[in-house]
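Chemist: Residue numbers (our numbering): 22 to 373.
Note that CB positions come from ideal geometry on N, CA and C, so glycine has one too.
Just so it is clear, the structure is predicted and the values come from calculations on it, not from any experiment.
Quick one: structure below, then a few questions.
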């Protein structure tokens, strides 16, 4: 029997030490231990030292979840992006995590796969886990569903695109000014016929960048030619058809502006199958663009800056800032690598 009882006792899992165990070991009250654990004032140095010694001896760990319930914050924040594996968005995520870590908070990140239903599911899931705040790169066209969450105290910041149907904090790149800068760069190098390839203007970024293209042309007295514009699904076959159409024109375009990295990559693939020669400026940088010959001239966003600005704004709200919703716009920059600096005369001199 004793042997059996001994074996049974080895199956009992050791209990984690509690705050009561620490109080008993140190010979102090529960309140004193709580003050020491929460780094509150009003505890004598000798008593604090004794409590900390007992904590070390017993291996006591503070229950963060319980503390969060008492104080109303969990020191966790959520990030919902479209695709965490995409370089631009992963750079944003790393920046948000750096800020969160510096504030002693943990980050939960998830991908919506550009699905509005999944975005909504993820935001509700994170909210139900009592995160202190959310940063969202949105896919949905209606964010009114978040109004009750915000009213109940959840801090929310939208990134890359503003919320729809909801007045909320937003951090953006200056998409319109960036596109305008890129197209004007081509105009300064002598180009008047510039084809535009980008996403549908039903998307915020697509609309803003296309407006920047049109504004640049208008500033220089160049009419917008609808035949030079390709908007929509940026797949290679569709873009190749557009480029072949450009190639067949009596006076083909001498330059091209692509509205995002997806469009740019598809365009580069399609361009390799045609004889069309154009100067090229792209919106969004990509890690291989500088390795091409010539390198791709780009309008570069600052993903780390966007993530940092969004996270800092979020933590201001978590800390109690109740001011009106803010919109923060970050500048883009032109990186010259060769493709956007070719003149029409230089293109003609290279022959067919």
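Please report the straight-line C-alpha distance between residue 335 and residue 277, rounded to a whole angstrom.
Modeler: Going from the Cα of residue 335 to the Cα of residue 277 covers about 38 Å.
Chemist: Taking only three categories from DSSP, how would you classify residue 53?
Modeler: Here residue 53 sits in helix by DSSP.
Chemist: Measure the beta-carbon distance from residue 184 to residue 159 and round it to whole angstroms, keeping in mind my assumption that it falls under 8 Å.
Modeler: The pair is a contact, with the Cβ atoms about 7 Å apart (cut-off 8 Å).
Chemist: Please determine if the region 350-366 and the region 187-195 are in contact, where contact requires at least 3 C-beta pairs separated by less than 8 Å.
Modeler: Taking 8 Å as the limit for Cβ pairs, the verdict is that the region 187-195 does touch the region 350-366.
Chemist: Could you spell out where the beta strand (DSSP E) holding residue 215 opens and where it closes?
Modeler: Counting along the chain, the beta strand (DSSP E) containing residue 215 begins and ends at 215-219.
Chemist: The alpha helix (DSSP H) that contains residue 326, what's its start and end?
Modeler: Residue 326 -> alpha helix (DSSP H) spans 324-339.
Chemist: Is DSSP giving residue 44 helix, strand or coil here?
Modeler: The answer is helix: DSSP assigns residue 44 an H, G or I state.
Chemist: Of all the options 67, 62, 53, 76, which has the alpha carbon lying nearest to the alpha carbon of residue 37?
Modeler: With distances taken between Cα atoms, residue 37 lies closest to 76.
Chemist: Is residue 247 buried or exposed, if buried means 16 or more other CB atoms sit within 10 Å of its CB?
Modeler: It is exposed - the Cβ of residue 247 has fewer than 16 other Cβ atoms within 10 Å.
Chemist: Name the DSSP bridge partner or partners of residue 180?
Modeler: The partner list for residue 180 (beta bridge, DSSP) reads 192.
Chemist: Per the DSSP calculation, residue 97 is bridged to which residue(s)?
Modeler: Paired residue(s): 127.
Chemist: Does the Cβ of residue 65 have 16 or more other Cβ atoms within 10 Å, making it buried, or fewer, making it exposed?
Modeler: With fewer than 16 Cβ atoms within 10 Å of its Cβ, residue 65 is classed as exposed.
Chemist: Going by the DSSP bridge assignment, what does residue 279 pair with across the sheet?
Modeler: Answer by DSSP bridge pairing, in chain order: 218, 303.
Chemist: What three-state label does DSSP hand residue 318 in the structure shown?
Modeler: Of the three classes helix, strand and coil, the one that applies to residue 318 here is strand, per DSSP.
Chemist: In the DSSP output, what is residue 154 paired with across the bridge?
Modeler: The partner list for residue 154 (beta bridge, DSSP) reads 98, 176.
Chemist: Spatial neighbours of residue 140 within its chain, please: C-beta separation below 8 Å, excluding the five flanking residues on both sides.
Modeler: Taken in chain order, the residues that qualify are 101, 133, 157, 159, 160, 161.
Chemist: So, helix, strand or coil for residue 348, using DSSP?
Modeler: If DSSP states are grouped into helix, strand and coil, residue 348 belongs with the strands.
Chemist: Cα-Cα, which of 282, 257, 296, 209 is closest to residue 226?
Modeler: Nearest of 282, 257, 296, 209 to residue 226, Cα basis: 282.
Chemist: Could you check where the beta strand (DSSP E) with residue 309 kicks off and where it finishes?
Modeler: Careful: residue 309 lies outside any beta strand (DSSP E) and carries neither H nor E.
Chemist: Quick one, which of 205, 332, 270 has its alpha-carbon nearest residue 125's?
Modeler: It is 332 whose Cα lies nearest to the Cα of residue 125.
Chemist: Inspect the beta-carbon positions of residue 320 and residue 200 and report whether they are closer than 8 Å.
Modeler: Going by C-beta atoms, residue 320 is nearer than 8 Å to residue 200.
Chemist: Could you tell me which residues DSSP pairs with residue 132 in its beta bridges?
Modeler: Paired residue(s): 102.
Chemist: Return the chain-ordered list of same chain residues with a C-beta closer than 8 Å to the C-beta of residue 86, the five sequence neighbours on each side being excluded.
Modeler: For residue 86, the predicted model reports a pLDDT of 49, less than 50, meaning its position is unreliable; a value from the coordinates is still stated below. Cβ neighbours of residue 86 beyond the five flanking positions: 95.
Chemist: Taking the C-alpha atoms as reference points, what is the distance between residue 232 and residue 295?
Modeler: Approximately 28 Å, taken between the alpha carbons.
Chemist: Quick one: residues in its chain with C-beta nearer than 7 Å to the C-beta of residue 330, no 5 flanking neighbours on either side, listed in chain order?
Modeler: Once the five neighbours on either side are set aside, the close Cβ partners of residue 330 are 192, 349, 351.
Chemist: Go ahead and label residue 360 buried or exposed: buried means 16 or more other beta carbons lie within 10 angstroms of its beta carbon, across all protein chains shown.
Modeler: Buried.
Chemist: So, are the CB atoms of residue 189 and residue 315 less than 8 Å apart?
Modeler: Cβ atoms of residue 189 and residue 315: not closer than 8 Å.
Chemist: Distance check for residue 129 and residue 99, CA to CA, integer angstroms please.
Modeler: The alpha-carbon atoms of residue 99 and residue 129 are separated by roughly 5 Å.
Chemist: Going by DSSP in three states, residue 255 sits in which element: helix, strand or coil?
Modeler: Residue 255 falls in the coil class under three-state DSSP.
Chemist: Quick one: Cα of residue 153 to Cα of residue 176, how far?
Modeler: Answer to the nearest angstrom: the Cα atoms are 7 Å apart.
Chemist: Going by C-alpha distance, which of 69, 68, 82, 67 is nearest residue 42?
Modeler: Closest by alpha carbon: 82.
Chemist: With burial defined as no fewer than 16 other Cβ atoms inside 10 Å of the residue's Cβ, what is the status of residue 263: buried or exposed?
Modeler: Residue 263 comes out buried.
Chemist: Quick one: what does DSSP say residue 211 is sitting in, helix, strand or coil?
Modeler: Coil at residue 211, not helix or strand.
Chemist: Contact check, residue 108 vs residue 308 under 8 Å by CB: the rounded distance?
Modeler: That pair is a contact at about 6 Å.
Chemist: What does the Cβ neighbour count give for residue 369, buried or exposed, with the cut at 16 atoms within 10 Å?
Modeler: So residue 369 counts as exposed.
Chemist: Taking 8 Å as the cut-off, decide whether the C-beta atoms of residue 215 and residue 249 are in contact.
Modeler: Contact flag set, yes.
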